[in-house]
Structure formats: C-alpha cells, structure tokens
Amino acid sequence: MPQSIEIKVERQSGGWVWAAVLHGASGGEPVVLRQSPEAFPTEDDARQDAGLVVSALSGKSGQWVDESKE
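Right under this line is the structure:
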C-alpha cells in the first residue's frame, strides 16, 4: 500500500477543524502532518483550507473523511 494523505474534518464546539494524516506503506502508526490553525465557521471553509495545504504537501488532493459530530 503506498503512502496516502487523509483529511479528517470534524465539528467541534468552536467550529470546523481538520487534520491531514499520513498513512504509511508499512502499516505503522498514522502521522499527523498538519492541523487547522483555527476553527472555521463552516465545513466547506475547513475543507477548502485543508485542500490548499494538502495540495502544497503532496501536489494532489487528499482523500476526504468526514468525522463530523452533529
């Protein structure tokens, strides 16, 4: 399995936050590469910010995983 960057987006009390997580080829522990520096007012805003960061890290879009808590 090649390395892949996964974006996790969730709603917390202050707004929407994201984390970029690297899953390695060896199946070891995932590594958090980046987290949102702030909470965003909407899920779309958080996803847009995460997409920009992931593009800069990998040159491609990450896989979205929505872990929102309603």
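For the sequence shown, this note's numbering begins at -19 and goes up steadily by one.
The beta-carbon is built from N, C-alpha and C at its ideal position, and this holds for glycine as well.
According to DSSP, what are the bridge partners of residue i?
| i | result |
| --- | --- |
| A0 | I(-13) and R14 |
| G(-6) | DSSP, once it has assigned bridges, lists no residue as partnering G(-6). |
Let me check understanding here. Comparing Cα to Cα, which of the options lies closest to residue i?
| i | options | result |
| --- | --- | --- |
| T22 | S6, S(-16), Q(-8) and A0 | Q(-8) |
| S6 | P17, S(-16), D29 and W(-4) | S(-16) |
| P17 | E(-14), D29 and G4 | D29 |
| V11 | A0, R27 and F20 | A0 |
| G(-6) | E(-14), L2, A19 and D25 | A19 |
Within 10 angstroms of the Cβ of residue i, are there 16 or more other Cβ atoms? Answer buried if so, exposed if not.
| i | result |
| --- | --- |
| A36 | exposed |
| V(-11) | buried |
| V34 | buried |
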